[in-house]
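Using the numbering used here, read the sequence shown as starting at 3 and increasing by one per residue.
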Amino acid sequence: MSILLFLIDIKTAKADGPIYIRADGSVDPPTGIIRRDGDVYTLTQDTSSNTSGIIVQRNNILLNGSHHYLTGTYATNCYGLLLSSVSNVTIKNLIVDHFYIAMLLISSSNNTIADNIFTNNLEGIYLSYYSCNNTILRNSVSETFGDGVLLEQSFDNTIASNSFENNGASVSLFSSNNNSISHNTVVDSIFYGIWLGDSYYNIIVNNNVVAAGDFGFRGDNAHNNTICDNNATNNGVGMWLNLCSNNKIFHNNFVNNANQTQIFQLSTNEWDHGYPSGGNYWSNYNGTDIYHGQYQNLTGGDGIGDMPYDIAGDLSDKYPLMNVSIPLFGDVNGDDFVNAKDAVLLGMAFETNPSDPNWNPYADLNGDGFVNAKDAVILGTYFDKHREY
């Protein structure tokens, strides 16, 4: 064997089957690929498998990939990581590639998936069958044939500060409620950036969706969701809605989409946040700003177009913004002012993360999955400021 081939051999360990972290804490088989130190499990080298990669059956552990590769062969129904009916597991610093599903959670709650790279998988991160209160944070998901992140019948999860690039679709929610999707970047999807199907009471805030294929944002039978402070740029359709109602859609920027919106079948939603807070920014709005006031009949501009922006049929954004909307950091309660009310709300959520019952995604001002002193500093920096119209 040449020296080069020898070096390649020792770089990547070949697993004959999945590596289990058993409920009793043992590693099976005990090959040394995963080293245990109490409740901390560390991947010691790049690893490949013809089946699934790592199956976690133990609660309350940390699995640190140490930036090693976990590589599959696209084998059907094989997973890079599988968590089934476990809780309080943290997975970090792994590079997972070439699996049927990069990571699958089944009926697993209060877990954290952070700072990993998922690339060249058929499906990315899949939460299913009542997987709740999980946090998907600061991951890179790319070159996925299907969904970057898919939630199915899963509730109260947080998807924050992730990057999605060159995926079939990036973030998909199906029959999933009360989730938070924030501070994510979506670039170059094929089909859509963020999709809500049969999903209710989700918060979609501060996401940047660029060139996401057919649709930047898409909703099918999605109701009572809040979609605000997002950017939808250079998509086929900025926002596509079918059978959607009672969604609040405001302070978003719709820029240079081939079609800014397409609305179908009784989709009645709120496209502005009232006056003077305003609605959304539309790059193709041709109105003027000569007047101000709730009825735009008082002399003097206010940063809001004098005429509504026509969306579809009799639907309109009554208060279209004349300039790109810039989020007001520190405005926890969404009233366009940063003041003591916001400080109180941040204090109530202080030192929480998404698994805590007092968690408030609006108080996580820097999108790092924690409400702490860093967020308090941001609020203090913007204290007594208001949104510029």
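The beta-carbon is built from N, C-alpha and C at its ideal position, and this holds for glycine as well.
The straight-line gap separating the alpha-carbon atoms of Asp26 and Asp39 is approximately 14 Å.
In this structure, the beta-carbon distance from Ile97 to Thr121 falls below 9 Å.
Under the rule that a run must span 3 or more residues, the beta strand (DSSP E) segments found entirely inside the segment 186-220 read 187-189, 194-199, 205-207, 210-212. In the same chain as Gly289, and ignoring 5 residues on each side of it, the C-beta atoms closer than 7 Å to its own belong to Gly307, Asp308, Met309, Pro322, in chain order. A residue is called buried once 16 or more other Cβ atoms fall within 10 Å of its Cβ, and Thr270, having fewer, is exposed. By the Cβ rule, the segment 134-142 counts as touching the segment 159-166, because three or more pairs are nearer than 8 Å. If only complete runs of 3 or more residues are kept, the segment 295-347 shows the beta strand (DSSP E) at 311-314, 317-319, in order along the chain.
In the structure shown, the three-state DSSP call for Lys376 is helix.
In its chain, beyond the 5 residues on either side, Thr160, Ser182, Ser184, Ile205 have a beta carbon closer than 7 Å to the beta carbon of Pro363.
For the set Gly34, Gly19, Val340, the Cα lying nearest the Cα of Ser51 is the one of Gly19. Within the DSSP bridge table, the entry for Phe256 names Ala234, Trp284 as partners. Residue range 114-116 is occupied by the beta strand (DSSP E) that includes Ala116.
Leaving aside the five residues that flank Pro356 on each side, the residues in its chain whose CB is nearer than 6 Å to its CB run, in chain order, Thr137, Thr160. In this model, Thr92 and Asn299 are separated by some 56 Å (Cα to Cα). Residue environment analysis places Asn360 among the exposed positions, since fewer than 16 neighbouring C-beta atoms fall within 10 angstroms of its C-beta.
Pairing Ile108 with Gly82, the inter-Cα distance amounts to about 14 Å. Between Ser279 and Asn255, the CB-CB gap reaches or exceeds 9 Å. Rounded to whole angstroms, the separation of the alpha carbons of Thr46 and Asn227 is 43 Å. Under the three-state reduction of DSSP output, Gly382 falls in the helix class.
In the DSSP secondary-structure assignment, Lys16 is bridged to Ser50.
Secondary structure note for Gly150: its beta strand (DSSP E) is the uninterrupted segment 149-154. Distance from the CA atom of Ser54 to the CA atom of Glu167, rounded to whole angstroms, is 24 Å. The beta carbon of Gly150 is closer than 6 Å to those of Gly126, Val143, Phe166, Asn169, Ser172 in its chain, skipping five residues each way along the sequence.
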